[in-house]
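Beneath this line is the structure, given in structure tokens, with notes to follow.
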Amino acid sequence: MVSGFADATYIDAVPVYVKELIAGASAGAFAKTVVAPLERSKILFQTRTQGFHYLGVYQSLQKLLKNEGIAGFYKGNGASVFRIVPYAALHFMTYEQYRSWILDNYSALGTGSIVDLLAGSAAGGTAVLCTYPLDLARTKLAYQVVDARGATHSGTRQFHTHPAYSGIRNVMQRVYKEAGVRGLYRGIGPTLIGILPYAGLKFYVYEELKRRVPEEYHSSILLRLSCGALAGLFGQTFTYPLDVVRRQMQVEHLQISTQGGTRYKSTWDGLATIARNQGWRQLFAGLSINYIKIVPSVAIGFTAYDTVKTWLHVPPRQKSKAISTGKAS
């Protein structure tokens with residue numbers, strides 16, 4: 001009992017923003033790992049990787065399992081988790097900070113969902129700018145498909161070439177050497193254009209749905225999962241074409257050398273070129289996979305974040321500077 005009291009005292013001594021960072025990092029890593037196989041399959045579909053662009057979810061996973069084994073489901077997940085930990089930590093923490101700042105300085109906006117929309121958008125942009133090179137590395141690693149077991153064709157055993165990149169560090173070093181800092185942020189345009197409305201809508205819908213449910217149900221895990229799933233589905237549908245452009249821009253130099261792909265001059269050029277050359281449906285390639293992925297990912301992320309905040313004794317969300325001062329005293 002004394003030990004439990006000491007632990008509680010220690011936890012309470014930790015600054016709130018640090019607790020929010022920990023909660024966000026934990027939620028992001030857990031959710032990302034759960035949906036890693038679907039994320040790999042989605043990237044291969046988005047980037048029109050040979051042999052995968054026409055497959056469904058189940059067939060794609062089957063082919064990955066056959067060619068690369070279980071490890072193939074998680075190729076690029078190390079980079080993904082390595083990125084998502086700081087990304088989710090910053091995303092959730094800065095959302096709380098931006099929200100408090102807006103409430104304290106722009107009271108005319110009220111305390112409702114508009115504040116969540118603005119704070120979520122600003123937080124999403126901040127997190128992306130700080131962690132984008134890691135997302136680039138994740139995509140490049142996931143884009144590579146290698147038959148680790150070799151393949152037999154007409155009685156002759158054939159082996160695929162080694163992957164272009166050996167790991168996160170190798171990707172970062174080679175991209176920086178080839179194109180400098182600019183290369184590490186290739187595709188940042190569509191990412192920011194997409195994340196601002198997506199992140200804002202995600203927080204907006206999640207908080208708005210929770211507001212419409214009686215207070216006594218707010219601690220329900222099922223409620224949080226349901227609100228998170230709907231928030232992810234709604235936000236992703238409106239911004240998905242930008243995600244497709246981003247993925248193709250991230251791997252376009254590989255596509256140019258192997259498949260004769262096209263270099264996009266800008267986000268809008270990418271959208272127009274894909275629609276013209278690959279068909280408008282390609283702008284939504286992998287969306288069905290993303291729906292399957294986004295439901296558990298966003299739902300688990302929000303639920304884990306709220307749960308870890310409770311474990312860490314993070315106080316209820318403040319509505320204004322006056323309330324904050326009152327609680328502190």
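For what it's worth, my numbering labels the leading residue of the sequence shown as 1, then goes sequentially.
Here a beta-carbon is modelled for each residue, glycine too, at the ideal position from N, C-alpha and C.
Only a predicted model underlies this, so the values are computations on that prediction, with no experimental measurement involved.
Given 8 Å as the limit, is there contact between the region 121-135 and the region 191-200, that is, 3 or more CB pairs closer than that?
At 8 Å Cβ cutoff, the stretches touch.
Taking buried to mean at least 16 other C-beta atoms within 10 Å of its own C-beta, is residue 173 buried or exposed?
When all chains shown are included, residue 173 counts as exposed.
Please name the residue in 182, 64 and 171 whose C-alpha comes closest to that of residue 341.
Nothing can be reported for residue 341: it is not among the residues displayed for the chain, which extend from 1 to 329.
Does the Cβ of residue 274 have 16 or more other Cβ atoms within 10 Å, making it buried, or fewer, making it exposed?
Under this definition residue 274 is a buried residue.
I believe residue 267 touches residue 251 by the beta-carbon criterion, under 8 Å. Please report the beta-carbon distance rounded to the nearest angstrom.
Residue 267 to residue 251, Cβ: 16 Å. No contact.
Whole alpha helix (DSSP H) runs in the region 28-92 with 4 or more residues, listed along the chain?
Runs found: 36-46 and 57-68.
Apart from the five residues on each side of it in sequence, which residues of its chain come closer than 7 Å, Cβ to Cβ, to residue 189?
Excluding positions up to five away in sequence, the list reads 266 and 267.
Using the three-state DSSP reduction, which class does residue 18 fall into: helix, strand or coil?
Three-state result, residue 18: helix.
Does DSSP classify residue 126 as helix, strand or coil?
If DSSP states are grouped into helix, strand and coil, residue 126 belongs with the helices.
Is the distance from the Cβ of residue 223 to the Cβ of residue 217 below 8 Å?
Yes, Cβ-Cβ distance for residue 223 and residue 217 is below 8 Å.
Name the two residues that bound the continuous alpha helix (DSSP H) containing residue 112.
Element bounds for residue 112: n/a, residue is neither H nor E.
Return the first residue and the last residue of the alpha helix (DSSP H) that residue 173 is part of.
Note, residue 173: alpha helix (DSSP H), 168-184.
By alpha-carbon positions, which one of 83, 228, 38 and 205 ends up nearest to residue 288?
Residue 38 is the option with its Cα nearest to residue 288.
Mind checking residue 85: buried by the 16 CB within 10 Å criterion, or exposed?
By the 10 Å Cβ count, residue 85 comes out buried.
From what residue to what residue does the alpha helix (DSSP H) around residue 215 run?
Neither: residue 215 is in no alpha helix (DSSP H) and is coded neither H nor E.
Use the C-beta contact count for residue 221: other C-beta atoms within 10 angstroms, 16 or more gives buried, fewer gives exposed.
Residue 221 should be labelled exposed.
Comparing C-alpha positions only, which one of 103, 96, 135 and 110 sits nearest to residue 120?
It is 96 whose Cα lies nearest to the Cα of residue 120.
Taking just the CA atoms, how far does residue 17 sit from residue 180?
Taking the straight line from one Cα to the other gives about 33 Å.
Alpha carbon to alpha carbon, how far is residue 64 from residue 154? Give it in angstroms, no decimals.
Confidence at residue 154 is low in this model, with a pLDDT of 33, below 50, so its placement is unreliable and the value that follows should be read with caution. Roughly 22 Å separates the two Cα atoms.
Quick check on residue 140: does DSSP put it in helix, strand or coil?
Looking at residue 140 - three-state DSSP - the assignment turns out to be helix.
Helix, strand or coil: which one does DSSP assign to residue 285?
Looking at residue 285 - three-state DSSP - the assignment turns out to be coil, as it is neither helix nor strand.
So which of 41, 168 and 248 has the shortest CA-CA distance to residue 186?
Looking at the Cα atoms, 248 is the closest of the given residues.
Considering only the beta carbon of each residue, do residue 30 and residue 304 sit closer than 8 Å?
The answer is yes: Cβ separation under 8 Å.
Would you mind stating whether residue 93 and residue 28 have Cβ atoms separated by less than 8 Å?
Not closer than 8 Å, so no.
So, is residue 313 buried or exposed, given that buried needs 16 or more other C-beta atoms within 10 angstroms?
Burial call: exposed.
Within 10 angstroms of the Cβ of residue 295, are there 16 or more other Cβ atoms? Answer buried if so, exposed if not.
Residue 295 should be labelled buried.
Would you call residue 131 buried or exposed, if buried means 16 or more other Cβ atoms sit within 10 Å of its Cβ?
Result: buried.
Using the three-state DSSP reduction, which class does residue 270 fall into: helix, strand or coil?
Note: residue 270 maps to helix in three-state DSSP.
Residues in its own chain within less than 7 Å of residue 239 by CB, not counting five upstream and five downstream?
Within the same chain, residue 239 has close Cβ partners 194, 197 and 198.
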